[in-house]
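**Student:**
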Amino acid sequence: MKPEFTKKLLKWNLRSNTRQMPWKGEKDPYRIWLSEIILQQTRVEQGLTYYENFIKTFPDIHSLAAADEQQVFKLWEGLGYYSRCKNLIATAREISKNLNGVFPDNYNDILALKGIGPYTASAIASFA
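First residue of the sequence shown? That's 144 in the working numbering, and the numbers climb one at a time after it.
(1) Excluding five sequence neighbours on each side, which residues of the same chain lie with their C-beta closer than 8 angstroms to the C-beta of I267?
(2) Alpha carbon to alpha carbon, how far is N249 from A255?
(3) Please classify W155 as buried or exposed, where buried requires at least 16 other C-beta atoms within 10 Å of its C-beta.
(4) In chain order, which continuous runs of the beta strand (DSSP E) of length 3 or greater are located wholly inside the stretch 169 to 196?
(5) Using the beta-carbon count (16 or more within 10 Å), is T149 buried or exposed?
(6) Check each candidate in G221, D203, I232 and name the one with the smallest Cα separation from D211.
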């Protein structure tokens with residue numbers, strides 16, 4: 144490819160495909176995990192508001208783990224696939240209680256958590 148074409152293509156991609164999302168560049172495994180779970184089967188535009196509301200209401204894994212289930216489900220309302228919400232609560236409680244609020248730091252241990260599949264485990268392991 145010619146260098147000038149490459150530059151134009153890269154500029155176009157930057158303009159067209161770069162969206163500022165609150166989870167981009169995030170290093171906190173809790174926030175990465177939360178964004179990945181919310182975005183499963185959900186458009187980014189829809190998930191963004193849910194993510195922001197969850198972070199405002201439950202700023203860390205301990206606050207989510209301690210929350211009343213009805214409060215969490217109410218915040219989840221409209222996202223559908225409520226098994227994701229059930230797993231979110233169960234995993235938050237597991238990490239808070241049994242791991243002192245610290246996410247595992249390797250792929251296999253992350254994958255063993257409820258509701259986390261290979262893609263989400265990879266995202267947490269690589270970005271956190």
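Note that beta-carbon positions come from the ideal geometry of N, C-alpha and C, so glycine has one too.
**Tutor:** To lay it out plainly:
(1) Residues P172, I175, W176, E179, F246, I253, I259 of the same chain have their beta carbon placed closer than 8 angstroms to that of I267, with the five preceding and five following residues left out of the count.
(2) If I take the Cα positions, the gap works out to 10 angstroms.
(3) Label assigned to W155: exposed.
(4) Runs of the beta strand (DSSP E) inside the stretch 169 to 196: none found.
(5) Flag for T149 reads exposed.
(6) Nearest neighbour of D211 by Cα position, chosen from G221, D203, I232, turns out to be I232.
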